[in-house]
Amino acid sequence: MNLEKISNFYGRPVYYINKPIPLIGHIAFGIIDRGTNVLQVRPSSLCFHNCIFCSVDAGPSSKHREAEYIVNEEWLAEWAYEIANIKNDDIEVLIDGVGEPISHPNILKLISLIKKIKNVKTISIETHGGSLSLQLAKRLEKAGLNRINLSIDSTDPENAKKLTGTEWYNVNKILKTASEILKETSIDIILTPVVVPEINENDMDLIIEWAKDNKAGEKSNYPSGILIQKFEIHHFGRKPEKVKVWSWRKFYSWLKALQEKHNYRLIVKPEELGFKNSVKLEKPFHVNDIVKTIIIGKGWLKNEYLSTDENCSRIISIISKENLIIGSKVKTKIIRDKDNIYLGKLY
Ligand code: SF4
Numbered sequence: 000m001n002l003e004k005i006s007n008f009y010g011r012p013v014y015y016i017n018k019p020i021p022l023i024g025h026i027a028f029g030i031i032d033r034g035t036n037v038l039q040v041r042p043s044s045l046c047f048h049n050c051i052f053c054s055v056d057a058g059p060s061s062k063h064r065e066a067e068y069i070v071n072e073e074w075l076a077e078w079a080y081e082i083a084n085i086k087n088d089d090i091e092v093l094i095d096g097v098g099e100p101i102s103h104p105n106i107l108k109l110i111s112l113i114k115k116i117k118n119v120k121t122i123s124i125e126t127h128g129g130s131l132s133l134q135l136a137k138r139l140e141k142a143g144l145n146r147i148n149l150s151i152d153s154t155d156p157e158n159a160k161k162l163t164g165t166e167w168y169n170v171n172k173i174l175k176t177a178s179e180i181l182k183e184t185s186i187d188i189i190l191t192p193v194v195v196p197e198i199n200e201n202d203m204d205l206i207i208e209w210a211k212d213n214k215a216g217e218k219s220n221y222p223s224g225i226l227i228q229k230f231e232i233h234h235f236g237r238k239p240e241k242v243k244v245w246s247w248r249k250f251y252s253w254l255k256a257l258q259e260k261h262n263y264r265l266i267v268k269p270e271e272l273g274f275k276n277s278v279k280l281e282k283p284f285h286v287n288d289i290v291k292t293i294i295i296g297k298g299w300l301k302n303e304y305l306s307t308d309e310n311c312s313r314i315i316s317i318i319s320k321e322n323l324i325i326g327s328k329v330k331t332k333i334i335r336d337k338d339n340i341y342l343g344k345l346y
């Protein structure tokens, strides 16, 4: 059950994840269930943007990644079907990831397969928009997509380039396309900017006005078309120089003032966006369990390996500086099990 290497991405091998590799257990690919009616489906870890604040260190200038993954769309839809059945609830599939999900070569087919799952009521996708076009949106609509969560962090072209870490990013073109998508398709758009203190906090005014003018979020019956996210430092994420991270108190008081200034909702509750608790998948393993695992390939980050348990039910990432042989069996002590995402070390 070795991983198949299919290409290289900025010097990193890209592996193809296919049957029988399990699709629960890893943050970079497969499916994440956090016990709500929203199922995160992650088809690709590749990203052609290079954001200076990227919390998952994606894109060409990644320093921590050792490998990238693309998942076979039929295998991914099969897993989504199984999990949707277990949840037995109306669910939203959010296609997201530690990269740009639109980079998946068969993203249209993946959406159309997920659309066939009976209790999937909504399909949404996250993107920074670099490859978005009206033509692509019409194909996404036909495949079954309902909403795009569009991360636009500035309407100023130079600042948008700086934030996405690319010279080619054209925010004016993306916003024009987004307006057309809202007018000419059934797809809704929600803007999901990240506010990076002193870099783009003043740019939020124009982003809010864009969401208001273009009626973002209305097709989804959301109280707002913009969900501003707070910049946070993550262990393997990127941090722009000299940026001071806001406290949550500062973030919410800033949001409140902005909300009043624009007379537009910016603070919304998860339930107003349709989030609710749902059946959570059982965890076969727990922290401190000792599990027999089989090494199936190099891991996502440095000093990591991918493994599965003997029943091939979960992916377990193993942190090890030792050179582990692919195919070998090792005993692994689980050190993380939250949300069925597993990390272990050799026992
Ligand atoms: S923030 Fe998103 S779009 Fe930007 S580099 Fe990271 S994964 Fe890519």
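With numbering that gives the first Met the number 0 applied, the sequence shown has no gaps in its numbers, which climb one by one up to 346 at the end. Every residue gets a Cβ at the ideal spot worked out from N, C-alpha and C, and that includes glycine.
Taking 7 Å as the line, does the beta carbon of Thr165 fall inside it for any heavy atom of the ligand SF4?
Translated into positions along the sequence shown, residue 165 becomes position 166. Result no, Cβ not under 7 Å from the ligand SF4.
Which whole runs of the alpha helix (DSSP H) in the segment 12 to 98 are 4 residues long or more, in chain order?
You should have 72 to 86.
Please find out if some non-hydrogen atom of the ligand SF4 comes closer than 7 Å to the beta-carbon of Cys46.
Numbered from 1 along the sequence shown, position 47 holds the residue referred to as residue 46. Yes, since a heavy atom of the ligand SF4 falls inside the 7 Å radius drawn around the Cβ of Cys46.
Rounded to a whole number of angstroms, what is the C-alpha to C-alpha distance between Ile5 and Ile69?
Residue mapping note: residue 5 aligns to position 6 of the sequence shown, counting from 1. Residue mapping note: residue 69 aligns to position 70 of the sequence shown, counting from 1. Each residue's Cα considered, the two are about 9 Å apart.
Nearest to Lys241 by alpha carbon, out of Asn213, Val195, Gly216?
Here the question's residue 241 lines up with position 242 in the sequence shown. The shortest C-alpha separation from Lys241 is found at Val195.
Could you round the C-beta distance between Lys297 and Ala66 to whole angstroms and report it? I think they count as a contact, below 8 Å.
By one-based count along the sequence shown, residue 297 stands at place 298. By one-based count along the sequence shown, residue 66 stands at place 67. Contact flag correct, Cβ pair sits at about 5 Å.
Please determine, among Glu81, Val119, Asp338, the residue with the shortest C-alpha to C-alpha distance to Ile94.
The residue you call residue 94 lines up with position 95 of the sequence shown. Taking only the C-alpha atoms, the option nearest Ile94 is Val119.
By Cβ distance, which residues of its chain are closer than 7 Å to Lys282, with the 5 residues on each side in sequence left out?
As a first step, residue 282 is located in the sequence shown; it is residue number 283 there, counting from the start. Excluding sequence neighbours, Lys282 sits near Asp336, Asn339.
Consult DSSP for Asp308 and reduce its assignment to one of helix, strand or coil.
The count along the sequence shown starts at 1 and reaches residue 308 at position 309. Asp308 falls in the strand class under three-state DSSP.
Please look up how many angstroms separate the CB atoms of Val290 and Ile315, rounded, as I've assumed it's under 8 Å.
Residue 290 sits at position 291 when you count from the first residue of the sequence shown. Residue 315 sits at position 316 when you count from the first residue of the sequence shown. The pair is a contact, with the Cβ atoms about 7 Å apart (cut-off 8 Å).
Could you tell me which residues DSSP puts in a beta bridge with Gln228?
Here residue 228 corresponds to residue number 229 of the sequence shown, with the count starting at 1. Val193.
At 4 residues or longer, what runs of the alpha helix (DSSP H) sit wholly inside the segment 276 to 336?
If we require 4 residues or more, the segment 276 to 336 turns out to have no alpha helix (DSSP H) run fully inside it.
How about the segment 41 to 61 and the segment 227 to 243: do they share at least three Cβ pairs that are nearer than 8 Å?
The segment 41 to 61 vs the segment 227 to 243: in contact.
Please list, in chain order, all residues of the same chain as Gly24 whose beta carbon is under 7 Å from its beta carbon, the five residues on each side excluded.
The residue you call residue 24 lines up with position 25 of the sequence shown. Within the same chain, Gly24 has close Cβ partners Arg313, Ile314, Ile315, Asn339, Ile340, Tyr341.
Between Lys137, Lys172, Asn220, Ile16, which has its C-alpha nearest Gly128's C-alpha?
Locating residue 128 in the sequence shown gives position 129, where the first residue counts as 1. Minimum Cα distance to Gly128 is reached at Lys172.
If we call anything under 8 Å between Cβ atoms a contact, is Asp187 one with Lys218?
In the sequence shown, the residue the question calls residue 187 occupies position 188. In the sequence shown, the residue the question calls residue 218 occupies position 219. Contact: yes.
So does Ala57 have its beta carbon nearer than 7 Å to some heavy atom of the ligand SF4?
Counting from one through the sequence shown, the residue named residue 57 turns up at place 58. Yes, the beta carbon of Ala57 sits closer than 7 Å to at least one heavy atom of the ligand SF4.
Would the beta-carbon of Gly100 fall within 8 Å of that of Ser150?
Position 101 of the sequence shown, counting from 1, holds the residue named residue 100. Position 151 of the sequence shown, counting from 1, holds the residue named residue 150. The displayed chain sequence assigns Pro, not Gly, to residue 100. No, they are not a contact pair.
Select from Lys255, Pro269, Ile31 the residue whose C-alpha is nearest the C-alpha of Tyr263.
Mapped onto the sequence shown, residue 263 falls at position 264. Ranking Lys255, Pro269, Ile31 by Cα distance to Tyr263 puts Lys255 first.
Considering Glu3, what are the terminal residues of the alpha helix (DSSP H) in which it resides?
For the purposes of this step, residue 3 is identified with residue 4 of the sequence shown, where counting begins at 1. Not the alpha helix (DSSP H): Glu3 falls in the beta strand (DSSP E), residues 3 to 8.
Go through its chain and collect everything with a Cβ distance to Phe250's Cβ below 7 Å, but skip five positions before and after it.
For this step, residue 250 is matched to residue 251 along the sequence shown. Same-chain partners within the cutoff: Lys229.
Alpha carbon to alpha carbon, what distance is there between Gly326 and Leu2?
As a working mapping, residue 2 is identified with position 3 in the sequence shown. As a working mapping, residue 326 is identified with position 327 in the sequence shown. Taking the straight line from one Cα to the other gives about 10 Å.
Kindly identify the DSSP beta-bridge partner or partners of Asp187.
Here residue 187 refers to the residue found at position 188 when the sequence shown is read from its first residue. Beta-bridge pairing links Asp187 to Arg146.
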